[in-house]
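**Student:**
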Amino acid sequence: MAHEQSFLELIEAWDGSGVVVKHDELTGSWIFIALHDDTLGPMVGGCRMKTYACPEDGLRDAMRLARGMTHKWAALDLPCGGGKSVLAIPGPLSGADRRGLLHRFGELLNTLDGAYGTGEDLGTTPEDMRVVADVSKHVVGIHGIEGAPSDPGPFTARGVFAGIRSALRHRHGTDSLSDRTVLVQGVGDVGGPLARMISKAGGTVLLCDLDQNLAFAVSVEIGGSVVTQDNVYQTECDVYAPCAVGATLNPGTIPSLRCDMVVGSANNQLESNADADALAERGILYAPDYVVNGGGALAFTLIHQGQRNVAELDRRVRGIGDMLDEIFAEAVAAGESPLNSAARRVERVLQNAKNKD
Numbered sequence: 080m081a082h083e084q085s086f087l088e089l090i091e092a093w094d095g096s097g098v099v100v101k102h103d104e105l106t107g108s109w110i111f112i113a114l115h116d117d118t119l120g121p122m123v124g125g126c127r128m129k130t131y132a133c134p135e136d137g138l139r140d141a142m143r144l145a146r147g148m149t150h151k152w153a154a155l156d157l158p159c160g161g162g163k164s165v166l167a168i169p170g171p172l173s174g175a176d177r178r179g180l181l182h183r184f185g186e187l188l189n190t191l192d193g194a195y196g197t198g199e200d201l202g203t204t205p206e207d208m209r210v211v212a213d214v215s216k217h218v219v220g221i222h223g224i225e226g227a228p229s230d231p232g233p234f235t236a237r238g239v240f241a242g243i244r245s246a247l248r249h250r251h252g253t254d255s256l257s258d259r260t261v262l263v264q265g266v267g268d269v270g271g272p273l274a275r276m277i278s279k280a281g282g283t284v285l286l287c288d289l290d291q292n293l294a295f296a297v298s299v300e301i302g303g304s305v306v307t308q309d310n311v312y313q314t315e316c317d318v319y320a321p322c323a324v325g326a327t328l329n330p331g332t333i334p335s336l337r338c339d340m341v342v343g344s345a346n347n348q349l350e351s352n353a354d355a356d357a358l359a360e361r362g363i364l365y366a367p368d369y370v371v372n373g374g375g376a377l378a379f380t381l382i383h384q385g386q387r388n389v390a391e392l393d394r395r396v397r398g399i400g401d402m403l404d405e406i407f408a409e410a411v412a413a414g415e416s417p418l419n420s421a422a423r424r425v426e427r428v429l430q431n432a433k434n435k436d
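Residues 80 to 436 (my numbering) are what the sequence shown spells out, left to right.
In structure tokens, the structure reads:
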């Protein structure tokens, strides 16, 4: 049996700046705030609420996601550092229990004195963030373009859509979606809008979700088809778009894939960096997730800075496609995977910032 790492072992092995760990006795939850890197600016990253097999898995998730945020902000060249928070709950929380946990999380945020700001993420809602904002000013994205709460999902979806077009240009010389099939895994806040964009652009959409009723409803709406969870990796398509959980690209799934490209919004899609090489060996073009899924983070940062022009927000989010064009071209020139090219791009940005200090 593999050795399960303890909190101490996880923290000692991590390359981040620090971790805040607190047990919430009233709900039996664990609060983890992972602070990875503040080279580019104050650390910013969403708050995830999820039930894990053990608390250590929640800490591990927070650390992985915080590192991903460092890479995301650097790839987007925005003045933010990488951080992430996880509320590891023992089971579904609602009502006063949920509000109480969120308030106590907000109070813990305040102890960091602005070093880390958070927002909506998997398992949390705009309403949850308003609850946190009752006690903490370190919440981003709760005011929309006209003062109403705003959902990052559609902005993230627009960035993924731009990424799919970039991958098509690189692979086929045209970004047309006509006669192209895209399999969207996860039909939630990002996958749903993405599926609609692809369909509107003339693409054929295959849908997969743990909630089969949701997948079926969206398929009826856009004229797509539903793929069962058991068949998702064996289904033939041009683009596989993972928009749900991470680590779907691993030694167990990659040999079965029947796609030409992988472009999706899920965080940490690769189980390990070696999986990027395995995809390349199979001739599958992989668009680095932390670049592709940056649309929501980019838009919310711009909104937080005062940008209210929808057309300008859309233009900046579509620029994710241009970034991928550069990454794909650099990968070809260097004879390496796009993941390595993206990592070198991130390192250049971080190193340039350090050199200015």
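Using N, Cα and C, we set each Cβ at its ideal position, and we do this for glycine too.
1. Quick test of your reading: G124 and F234, contact by CB under 8 Å. State the CB separation rounded to the nearest angstrom.
2. Spatial neighbours of W152 within its chain, please: C-beta separation below 7 Å, excluding the five flanking residues on both sides.
3. Which residues share a DSSP beta bridge with C287?
4. Determine whether the beta carbon atoms of A345 and T327 lie at a separation below 9 Å.
5. Could you compute how far the alpha carbon of V311 sits from the alpha carbon of L377?
6. Buried or exposed for C126, going by 16 or more other Cβ atoms inside 10 Å?
7. Taking DSSP as the reference, what is the three-state secondary structure of W152?
8. Helix, strand or coil: which one does DSSP assign to A345?
9. With a CB to CB cut of under 6 Å and the five nearest residues on each side skipped, what residues in its chain are close to V99?
10. Quick check: the Cα distance between S298 and T190, rounded to an integer number of angstroms?
11. With DSSP as the reference, label V123 as helix, strand or coil.
12. Distance, Cα to Cα, A355 vs G282?
13. If contact is defined by three or more beta carbon pairs under 8 Å, each pair taking one atom from either stretch, is the segment 241-252 in contact with the segment 264-271?
14. Between T130 and T149, what straight-line distance do the alpha-carbon atoms span, to the nearest angstrom?
15. Below 8 Å on the Cβ atoms is my contact criterion, and I expect V20 with A366 to pass it. Report the Cβ-Cβ distance as a whole number of Å.
16. Please go through the same chain and pick out, in chain order, the residues whose beta-carbon is closer than 7 Å to the beta-carbon of A274, but skip the five residues on each side of it.
17. With a 10 Å radius around its C-beta and 16 neighbouring C-beta atoms as the bar for buried, classify A227 as buried or exposed.
18. How close, in whole Å, do the beta carbons of C322 and G238 come, if the pair is a contact with beta carbons under 8 Å?
19. Closest to K163 by CA distance: which of Q308, R209, L114 and K101 is it?
20. Which same chain residues end up closer than 7 Å to K433 when comparing Cβ atoms and leaving out the 5 residues on each side of it in sequence?
21. With H, G and I counted as helix, E and B as strand and the rest as coil, what does DSSP make of G160?
22. Closer than 6 Å by C-beta to S215: which residues in its own chain qualify, once you throw out the five before and the five after it? Chain order, please.
23. Which residues bound the beta strand (DSSP E) around P321?
24. Quick one: residues in its chain with C-beta nearer than 7 Å to the C-beta of V428, no 5 flanking neighbours on either side, listed in chain order?
25. Under the DSSP definition of a beta bridge, which residues are partnered with E315?
**Tutor:** The answer reads as follows:
1. Along the sequence shown, one-based indexing puts residue 124 at 45. Along the sequence shown, one-based indexing puts residue 234 at 155. Rounded, the Cβ-Cβ distance is 16 Å, inconsistent with contact.
2. On the sequence shown, position 73 is the one that residue 152 refers to. Hits under 7 Å: L119, C159, G160 and G161.
3. In the sequence shown, the residue the question calls residue 287 occupies position 208. Note: C287 sits in a beta bridge opposite Q264.
4. Locating residue 345 in the sequence shown gives position 266, where the first residue counts as 1. Locating residue 327 in the sequence shown gives position 248, where the first residue counts as 1. In this structure, T327 lies closer than 9 Å to A345 by Cβ.
5. Residue numbering aside, residue 311 sits at position 232 when the sequence shown is read from its first letter. Residue numbering aside, residue 377 sits at position 298 when the sequence shown is read from its first letter. V311 and L377: Cα-Cα distance of roughly 30 Å.
6. As a first step, residue 126 is located in the sequence shown; it is residue number 47 there, counting from the start. Under this definition C126 is a buried residue.
7. On the sequence shown, residue 152 is found 73 positions in, with the first residue counted as 1. If DSSP states are grouped into helix, strand and coil, W152 belongs with the helices.
8. Within the sequence shown, residue 345 is the residue found at index 266, counting from 1. Reduced to three states, the DSSP call for A345 is coil.
9. Here residue 99 corresponds to residue number 20 of the sequence shown, with the count starting at 1. The residues are I112.
10. Position 219 of the sequence shown holds residue 298. Position 111 of the sequence shown holds residue 190. Roughly 46 Å separates the two Cα atoms.
11. The residue you call residue 123 lines up with position 44 of the sequence shown. V123 falls in the strand class under three-state DSSP.
12. Along the sequence shown, read from residue 1 onward, the residue named residue 355 stands at position 276. Along the sequence shown, read from residue 1 onward, the residue named residue 282 stands at position 203. So the alpha carbons of these two residues sit roughly 26 Å apart.
13. no
14. Within the sequence shown, the letter at position 51 stands for residue 130. Within the sequence shown, the letter at position 70 stands for residue 149. In this structure, the alpha-carbon of T130 lies about 24 Å from that of T149.
15. This structure gives no information on residue 20, because the portion of the chain shown stretches from 80 to 436.
16. Position 195 of the sequence shown holds residue 274. V263, V266, V284, L286, V297, I301 and G303, listed in sequence order.
17. For the purposes of this step, residue 227 is identified with residue 148 of the sequence shown, where counting begins at 1. Any answer about A227 is weak, because its pLDDT of 37 lies below 50 and its placement is not dependable; what the coordinates show is given next. By the 10 Å Cβ count, A227 comes out exposed.
18. As a first step, residue 322 is located in the sequence shown; it is residue number 243 there, counting from the start. As a first step, residue 238 is located in the sequence shown; it is residue number 159 there, counting from the start. The Cβ separation is near 12 Å, so there is no contact.
19. Counted from its first residue, the sequence shown places residue 163 at position 84. Of the candidates Q308, R209, L114 and K101, the one whose C-alpha sits nearest the C-alpha of K163 is L114.
20. Numbered from its first residue, the sequence shown carries residue 433 at position 354. Answer for K433: T118, listed in chain order.
21. Working through the sequence shown from its first residue, we reach residue 160 at position 81. Strand.
22. In the sequence shown, the residue the question calls residue 215 occupies position 136. Excluding residues within five positions, the ones whose Cβ falls inside 6 Å are G185, L188 and N189.
23. The sequence position of residue 321 within the sequence shown is 242, counting from 1. From DSSP, the beta strand (DSSP E) with P321 extends over V318 to P321.
24. On the sequence shown, position 349 is the one that residue 428 refers to. Non-local C-beta neighbours of V428 in its own chain, meaning closer than 7 Å and more than five positions away in sequence, comprise A153 and D156, ordered along the chain.
25. As a working note, residue 315 is residue 236 in the sequence shown. According to DSSP, which records beta bridges pairwise, E315 is partnered with R337.
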